[in-house]
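Right, one structure below, let's go through it.
In this note's numbering, the protein residues as written are 499 to 1142.
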């Protein structure tokens, strides 16, 4: 609720001060926001960021409302705001979906917080140098606006939610339409640059052709794009997403301009309140089992998208009421004065620069695809399963670098990641698989996307992923259970890999149905297979006996490991050689389980043997023995287990 601060503009003394000194609010916003990374306490950091958002929303609304009588200055402020979003998307593209200035970043995990403070200080100095204090009321509109401020506020809520949920990261739309291997659609690298380009072109179109941008015909095109993105996958779905992207950015200038015609307190406060509702709505479609009223909106991303477009439609209706029917624009219409034309040229230059940056980033980040396993001479596969809790650690910091250290140290060739879907506003619209795949040298499959209503699962592989399919397992009552069924080329032999997250403990019927579905899926393939999973069952009890059965053909990596509840590694058609459990430190709430297999050899007796009987290349790294390093060590057994 820290976004609803514009209601304070309904208090005359605060409104006068905010309109007279908006740069002071921007200064406070930057000070609170950019310095929050220094606060060690997660609660304190969250509180400081909430204060920064509170002040920031008040600052921007005051800035826009102050310029409501000067179309050229208002256009400049709105353009700066949207170009800032595009610049943030470019920065996230460069830093593998983490904004380096975020408070979850710091020096240890790749943050550029100090650099951000320096640039912010220079920007504030420039604003103070250029500042012209205009008291409240010196620039009034000549006529009272027509229509309802509530409709204008709904337009703002829908616009901000659409921009934030879909366009605050260049990979979000791409992950919406991703369906696994072989590749049949766009990829985050390099096609994220296409999303950024479309955002810039949409803004330019909205500035030069505002009457077209606010027409019902153009709104219809945006709505069709939203429907295509929601209902289709691969390239066709992405093209719909690009159409929606173009529309949202083109609509931004006229929707905000229209909202400034009305009293700011009730218009923008209501707009941001409706935005907050949408943020909850788009989380509740997944988290319905944990929130009041959740089952009513279960698995209805289509309702979220439809509501967003209806809210924007309310803003379009209000704009047309206030300004009359749009005049026809048959060609290029320059701004009314040379100063305005020069101002718009600056936007174009900045957007061109940002596009050149995004294209360069796409080129530099383009994968080499020359990945190799760690121990090819022994045809060894080291596989792991880890529940990463959305790549935010116990200290509320981005955990990708810490995860990279552990996964690299464990010499993993295959890793299943669970609770990995971060393409929601509450998770920052991020994708940790991009960072981990590029830094570890692995192919990545994101799994069922953010529009599939799960907490996510992902697969990283040093072996080429030949084919992969995504599954949503039966869930009549509880949360949806995601699964990936992938086939990898391991040393010339096709090996099936399953990554799976079962439903929560409270719904036993869901978990029973899911165990039967997955067992049939695993039993349907004659190829060697590995299951990297979160099963929510006790060893050798209940649904465990469905997963480990003749029906599935799968065997447990270690039947004697009695204290497991969530994570399990199962296999068939391979020789198991070793198994270990690695402590998580403070990265997440779940350990990393790791197993080693040899391809092309029959399984052994399964008896435990000592490490000195195992060739050195088949052993686990010594790095995590004893006290280990950085809080990671072999625990439970205090050492790896090896099998004959």
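Cβ coordinates follow ideal geometry from the N, Cα and C atoms, glycine included.
Model, not experiment: these values are computed from the prediction.
{"Item": "Keeping to the same chain, check which residues put their C-beta closer than 7 Å to that of residue 499; ignore five residues upstream and five downstream.", "Value": "774"}
{"Item": "Distance check for residue 855 and residue 918, CA to CA, integer angstroms please.", "Value": "28 Å"}
{"Item": "Shortest alpha-carbon distance to residue 537 belongs to which of 1093, 894 and 1042?", "Value": "894"}
{"Item": "Here's a check: name, in chain order, each residue in its chain whose Cβ is nearer than 6 Å to the Cβ of residue 580, leaving out the five neighbours to either side.", "Value": "701 and 750"}
{"Item": "In three-state DSSP terms, what is residue 1027?", "Value": "strand"}
{"Item": "Decide if residue 965 is buried, meaning its Cβ has at least 16 other Cβ atoms within 10 Å, or exposed.", "Value": "exposed"}
{"Item": "On the three-pair Cβ rule with 8 Å, is the segment 1121-1141 touching the segment 1067-1080?", "Value": "yes"}
{"Item": "Considering only their Cβ atoms, is the gap separating residue 980 from residue 954 smaller than 8 Å?", "Value": "yes"}
{"Item": "If you run the structure through DSSP and keep just helix, strand and coil, what is residue 1097?", "Value": "coil"}
{"Item": "Run through the DSSP bridge pairs and tell me what residue 884 is partnered with.", "Value": "915 and 1090"}
{"Item": "Nearer than 7 Å: is that true of the beta carbon of residue 625 relative to any heavy atom of the ligand FMN?", "Value": "The ligand FMN is absent from the structure shown, which contains no ligands of any kind."}
{"Item": "Please list the terminal residues of the continuous alpha helix (DSSP H) segment that includes residue 536.", "Value": "Where residue 536 is concerned, there is no enclosing alpha helix (DSSP H), given that its DSSP letter is neither H nor E."}
{"Item": "Against chain B, does residue 937 count as a neighbour if the rule is that its beta carbon must be under 8 Å from one of theirs?", "Value": "As a matter of chain content, chain B is missing from the structure shown, which is built from one protein chain."}
{"Item": "If we ignore side chains and look at the alpha-carbon of each, how far apart do residue 761 and residue 864 end up?", "Value": "49 Å"}
{"Item": "Can you tell me which of the three DSSP states residue 767 falls into?", "Value": "helix"}
{"Item": "What does the alpha-carbon distance come out to for the pair residue 832 and residue 709?", "Value": "Reliability fails at residue 832, whose pLDDT of 45 lies under 50, so the model's placement of it is uncertain and no value is given."}
{"Item": "Short check: CB of residue 720 to CB of residue 736, under 8 Å?", "Value": "no"}
{"Item": "Are the CB atoms of residue 885 and residue 799 within a distance shorter than 8 Å?", "Value": "no"}
{"Item": "Do you know how far the Cα of residue 1000 is from the Cα of residue 984?", "Value": "18 Å"}
{"Item": "Could you tell me which of 707, 973, 880 and 997 sits nearest to residue 498, measuring between CA atoms?", "Value": "It is not possible to answer for residue 498, since the shown part of the chain is limited to 499 through 1142."}
{"Item": "Exposed or buried, what is residue 862 when buried is set at 16 or more other beta-carbons lying within 10 Å of its beta-carbon?", "Value": "exposed"}
{"Item": "So, for residue 752: in the same chain, excluding its five sequence neighbours on each side, which residues have a beta-carbon less than 8 Å away from its beta-carbon?", "Value": "704, 708, 711, 712 and 817"}
{"Item": "I need the straight-line Cα distance from residue 523 to residue 549, nearest angstrom please.", "Value": "11 Å"}
{"Item": "List the endpoints of the continuous alpha helix (DSSP H) containing residue 1043.", "Value": "1042-1045"}
{"Item": "In the DSSP assignment, find the beta strand (DSSP E) that holds residue 675 and state where it starts and stops.", "Value": "Looking at the DSSP string, residue 675 is not in any beta strand (DSSP E), and its letter there is neither H nor E."}
{"Item": "Go ahead and label residue 644 buried or exposed: buried means 16 or more other beta carbons lie within 10 angstroms of its beta carbon, across all protein chains shown.", "Value": "exposed"}
{"Item": "Mind checking which residues open and close the alpha helix (DSSP H) that includes residue 729?", "Value": "714-729"}
{"Item": "Count the other CB atoms, across all protein chains shown, that sit within 10 Å of the CB of residue 636; report buried if there are 16 or more and exposed otherwise.", "Value": "Residue confidence is low: residue 636 scores 45 on pLDDT, short of 50, so the model does not pin down where it sits. No coordinate-derived value is stated."}
{"Item": "Between which two residues does the alpha helix (DSSP H) carrying residue 654 extend?", "Value": "647-665"}
{"Item": "Mapping DSSP to helix, strand and coil, what is residue 810?", "Value": "helix"}
{"Item": "Going by other Cβ atoms of all chains shown within 10 Å of its Cβ, with 16 needed for buried, is residue 624 buried or exposed?", "Value": "exposed"}
{"Item": "Taking buried to mean at least 16 other C-beta atoms within 10 Å of its own C-beta, is residue 601 buried or exposed?", "Value": "buried"}
{"Item": "With a cut-off of 8 Å, do at least 3 Cβ pairs link the segment 803-821 to the segment 648-657?", "Value": "yes"}
{"Item": "Under 8 Å, do residue 1106 and residue 1073 count as touching if we go by C-beta distance?", "Value": "no"}
{"Item": "Helix or strand or just coil, what does DSSP make of residue 1138?", "Value": "coil"}
{"Item": "Can you tell me whether DSSP reads residue 568 as helix, strand or coil?", "Value": "coil"}
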